[in-house]
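S.K.: Be aware that the sequence shown starts at 13, since it is given in our numbering, and climbs by one per residue. Before anything else, here's the structure in question.
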Amino acid sequence: MDSLIADPKLCQELIKQYGSPLNLHDYSSMSRNIAELREAADEHGIDFEIYLARKANKTLGAIDHAVAEGCGIDVASFNELDQCLKRGVPADRIIVTAAVKSVALLRLAVEHGVVLSLDNLDETAELQAIVQESGKPAAVALRLASDNPSIPPTRFGLRAGEWLTFLDQADKPETLKVEGIHFHLNGYDGGQRAQLALEALALIDALRDRGHDPSFVDMGGGIPMSYLDDGKQWAGFWEALAELPEGDESLTWKSDRLGATGPEASIALYPYHQKLIRGEWLRKVLATEETTTRRTVAQMLIERGIQLRCEPGRSLLDGCGLTLAEVAFVKNRSDGAPLVGLHMNRTQCRSTSADFLLDPLLIPTGPKVQDRAPYEGFLVGAYCIEEELILRRRFEFPAGVAKGDLVAFPNTGGYLMHIIESASHQLPLAKNLVIDGVDWILDGIDTADLLVG
Numbered sequence: 013m014d015s016l017i018a019d020p021k022l023c024q025e026l027i028k029q030y031g032s033p034l035n036l037h038d039y040s041s042m043s044r045n046i047a048e049l050r051e052a053a054d055e056h057g058i059d060f061e062i063y064l065a066r067k068a069n070k071t072l073g074a075i076d077h078a079v080a081e082g083c084g085i086d087v088a089s090f091n092e093l094d095q096c097l098k099r100g101v102p103a104d105r106i107i108v109t110a111a112v113k114s115v116a117l118l119r120l121a122v123e124h125g126v127v128l129s130l131d132n133l134d135e136t137a138e139l140q141a142i143v144q145e146s147g148k149p150a151a152v153a154l155r156l157a158s159d160n161p162s163i164p165p166t167r168f169g170l171r172a173g174e175w176l177t178f179l180d181q182a183d184k185p186e187t188l189k190v191e192g193i194h195f196h197l198n199g200y201d202g203g204q205r206a207q208l209a210l211e212a213l214a215l216i217d218a219l220r221d222r223g224h225d226p227s228f229v230d231m232g233g234g235i236p237m238s239y240l241d242d243g244k245q246w247a248g249f250w251e252a253l254a255e256l257p258e259g260d261e262s263l264t265w266k267s268d269r270l271g272a273t274g275p276e277a278s279i280a281l282y283p284y285h286q287k288l289i290r291g292e293w294l295r296k297v298l299a300t301e302e303t304t305t306r307r308t309v310a311q312m313l314i315e316r317g318i319q320l321r322c323e324p325g326r327s328l329l330d331g332c333g334l335t336l337a338e339v340a341f342v343k344n345r346s347d348g349a350p351l352v353g354l355h356m357n358r359t360q361c362r363s364t365s366a367d368f369l370l371d372p373l374l375i376p377t378g379p380k381v382q383d384r385a386p387y388e389g390f391l392v393g394a395y396c397i398e399e400e401l402i403l404r405r406r407f408e409f410p411a412g413v414a415k416g417d418l419v420a421f422p423n424t425g426g427y428l429m430h431i432i433e434s435a436s437h438q439l440p441l442a443k444n445l446v447i448d449g450v451d452w453i454l455d456g457i458d459t460a461d462l463l464v465g
């Protein structure tokens with residue numbers, strides 16, 4: 013990506029050919045990220061598998077690279093599953109974790125023998141009806157919600173007692189082959205994941221006592237990464253923001269605190285600087301001890317012959333993506349606040365976090381580069397909304413900025429490009445290019461005919 017940013021002419025040609033904004037993908041960093049997790053698992057001697065969270069990046073190239081690295085794929089819709097199967101991903105290397113599953117998705121999974129993470133009893137009843145029609149048993153993982161009051165409530169899954177009661181009372185429970193336990197936790201707390209992994213192992217013990225034979229615990233995603241190398245930068249931003257009086261826009265649009273109530277980082281944003289990431293984070297989870305037996309999570313997995321699975325998205329795609337956008341105008345708000353308009357909208361570089369706190373880079377491809385005055389301003393987008401901010405921070409342009417320049421948003425490959433992208437106003441979605449040797453080519457997601465289930 014560094015060589016791309018250093019080539020303004022190439023960036024300009026790509027924007028001219030494919031439009032603005034433009035997503036660019038180079039998956040080579042994924043290999044390093046996968047290796048960090050595997051090394052941690054190997055040190056603890058556990059059976060371990062990684063499944064790329066497909067929802068984090070919709071490109072077909074991401075599927076190909078993950079599978080080439082020996083990973084499975086976590087899918088969350090009919091289209092995601094259908095694309096993976098047509099791409100040649102083995103059915104036993106896919107898990108369906110959609111929060112809400114259509115009948116078409118359930119049927120496709122049953123037809124191909126793909127494991128389904130079961131979320132609730134209504135979904136389970138619908139699945140059983142499909143199984144009885146098809147005559148094929150369904151491979152399932154029970155999605156587990158914690159009973160522990162120290163773990164925040166979740167909308168995902170059912171508590172262990174609810175699953176056991178259902179299985180004890182179910183009509184024809186043999187239609188469901190319980191292959192594992194799955195859970196999904198919000199946030200990135202390793203201690204909470206260790207706790208729920210222990211609860212999952214206890215549920216596996218109870219299931220085995222009832223004649224079931226689950227073989228894995230899948231702890232979902234939420235494996236941390238760090239966008240920033242310097243923790244002082246991260247802390248310094250929040251401290252500076254807290255010191256500003258209400259109405260001061262020198263740091264953020266309309267003095268937005270981004271959810272912060274003091275000098276500490278807001279929980280409304282992804283923690284863009286984290287010390288414990290990927291491999292080191294996983295080591296800590298696996299070394300967590302059960303309070304009664306003092307056995308570690310890793311030891312308890314090994315003793316039961318249970319495989320640990322995870323479904324990282326952002327942490328596998330760290331370093332794999334870049335978004336380019338063209339400057340459309342430079343102007344002032346009616347009260348004089350400086351604005352830089354981009355040919356993109358705010359959903360095209362955004363996750364569920366309140367903002368993206370990574371500095372963009374200016375590529376000066378516009379006119380009169382040598383004659384510009386320094387400038388600063390807010391990046392605004394294409395939607396006809398007063399609060400249409402690409403990013404909510406104010407940026408300095410020491411060498412100026414002009415119509416025709418390009419703005420590069422680094423490290424957007426995980427969630428930032430696709431998770432909430434919208435074609436509102438009938439504006440086209442951003443095209444996705446992948447590196448193929450030395451050439452940038454359209455990813456198959458932008459050339460394939462997609463089915464809707």
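We treat Cβ as the ideally placed atom computed from N, Cα and C, and that holds for glycine.
1) Ala150 bridges to which residues according to DSSP?
2) Assuming Ser41 is part of the alpha helix (DSSP H), what are its boundary residues?
3) At the level of alpha carbons, what is the spacing between Asp86 and Ser129?
4) Could you tell me the distance, in whole angstroms, from the CA atom of Asp14 to the CA atom of Arg358?
5) Measuring CB to CB, does Ile142 end up less than 8 angstroms from Gln204?
6) Contact between the segment 232-243 and the segment 340-352: three or more CB pairs below 8 angstroms?
7) Is it a yes or a no for the segment 47-60 touching the segment 294-312, going by three-plus beta-carbon pairs under 8 angstroms?
8) Roughly how many angstroms separate the alpha carbons of Pro372 and Cys23, rounded to a whole number?
9) Is there contact here, the segment 68-88 with the segment 318-330, by at least three beta-carbon pairs under 8 angstroms?
10) Should Val352 be labelled buried (16 or more other beta-carbon atoms within 10 Å of its own) or exposed?
11) Can you list, in chain order, the residues of its chain whose CB lies under 6 angstroms from that of Leu298, leaving out five sequence neighbours each side?
12) Could you check if Arg220 is buried or exposed, using at least 16 other CB atoms within 10 Å of its CB as the buried criterion?
13) Could you pull the start and end residues of the beta strand (DSSP E) that Ser129 belongs to?
14) Nearest to Leu139 by CA position, among Ala157, Pro161, Ala116 and Asn160, is which residue?
15) Do you know how far the Cα of Leu374 is from the Cα of Ile27?
16) Please look up how many angstroms separate the CB atoms of Asp367 and Arg316, rounded, as I've assumed it's under 8 angstroms.
17) Return the chain-ordered list of same chain residues with a C-beta closer than 6 angstroms to the C-beta of Leu118, the five sequence neighbours on each side being excluded.
18) Just verifying my parser: in three-state terms, what is the DSSP assignment at Gly393?
19) With DSSP run on the structure shown, which of helix, strand or coil describes Thr166?
20) Which residue comes first and which comes last in the alpha helix (DSSP H) that contains His124?
21) With DSSP run on the structure shown, which of helix, strand or coil describes Cys23?
22) Does His10 come out as helix, strand or coil in the three-state DSSP assignment?
23) Let's see if you can read the secondary structure: which residues bound the beta strand (DSSP E) around Phe368?
24) Three or more beta-carbon pairs under 8 angstroms between the segment 245-263 and the segment 222-231, yes or no?
M.R.: Quick answer:
1) One-based indexing of the sequence shown puts residue 150 at position 138. As DSSP reads the structure, Ala150 sits in a beta bridge with Leu188.
2) Along the sequence shown, one-based indexing puts residue 41 at 29. Run containing Ser41: Ser40 to His56, per the alpha helix (DSSP H) assignment.
3) For this step, residue 86 is matched to residue 74 along the sequence shown. For this step, residue 129 is matched to residue 117 along the sequence shown. So the alpha carbons of these two residues sit roughly 10 angstroms apart.
4) Mapped onto the sequence shown, residue 14 falls at position 2. Mapped onto the sequence shown, residue 358 falls at position 346. Cα-Cα distance, rounded: 24 angstroms.
5) Sequence index remark: in the sequence shown, residue 142 carries index 130 (1-based). Sequence index remark: in the sequence shown, residue 204 carries index 192 (1-based). No.
6) no
7) yes
8) On the sequence shown, position 360 is the one that residue 372 refers to. On the sequence shown, position 11 is the one that residue 23 refers to. Going by the C-alpha atoms only, they are around 15 angstroms apart.
9) yes
10) The residue given as residue 352 occupies position 340 in the sequence shown. The residue is buried, with at least 16 neighbouring Cβ atoms inside 10 Å.
11) By one-based count along the sequence shown, residue 298 stands at place 286. Closer than 6 angstroms at Cβ, skipping near neighbours: His56, Val309 and Ala310.
12) Your numbering for residue 220 matches position 208 in the sequence shown. Arg220 is exposed by the Cβ-count criterion.
13) On the sequence shown, position 117 is the one that residue 129 refers to. Start and end: Val127 to Leu130.
14) Here residue 139 refers to the residue found at position 127 when the sequence shown is read from its first residue. When C-alpha distances from Leu139 are compared across Ala157, Pro161, Ala116 and Asn160, the shortest belongs to Ala116.
15) Here residue 27 corresponds to residue number 15 of the sequence shown, with the count starting at 1. Here residue 374 corresponds to residue number 362 of the sequence shown, with the count starting at 1. Distance between the alpha carbons of Ile27 and Leu374: 14 angstroms.
16) Residue numbering aside, residue 367 sits at position 355 when the sequence shown is read from its first letter. Residue numbering aside, residue 316 sits at position 304 when the sequence shown is read from its first letter. So it is not a contact: roughly 43 angstroms between Cβ atoms.
17) As a first step, residue 118 must be located in the sequence shown, where it is residue number 106. Excluding positions up to five away in sequence, the list reads Leu139 and Ile142.
18) Locating residue 393 in the sequence shown gives position 381, where the first residue counts as 1. Gly393 falls in the coil class under three-state DSSP.
19) Along the sequence shown, one-based indexing puts residue 166 at 154. Here Thr166 sits in coil by DSSP.
20) Working through the sequence shown from its first residue, we reach residue 124 at position 112. Counting along the chain, the alpha helix (DSSP H) containing His124 begins and ends at Val115 to His124.
21) Counting from one through the sequence shown, the residue named residue 23 turns up at place 11. The answer is helix: DSSP assigns Cys23 an H, G or I state.
22) Missing from the structure shown is residue 10; the chain here goes from 13 to 465 and no further.
23) Counting from one through the sequence shown, the residue named residue 368 turns up at place 356. Note, Phe368: premise wrong, no beta strand (DSSP E); not H, not E.
24) no
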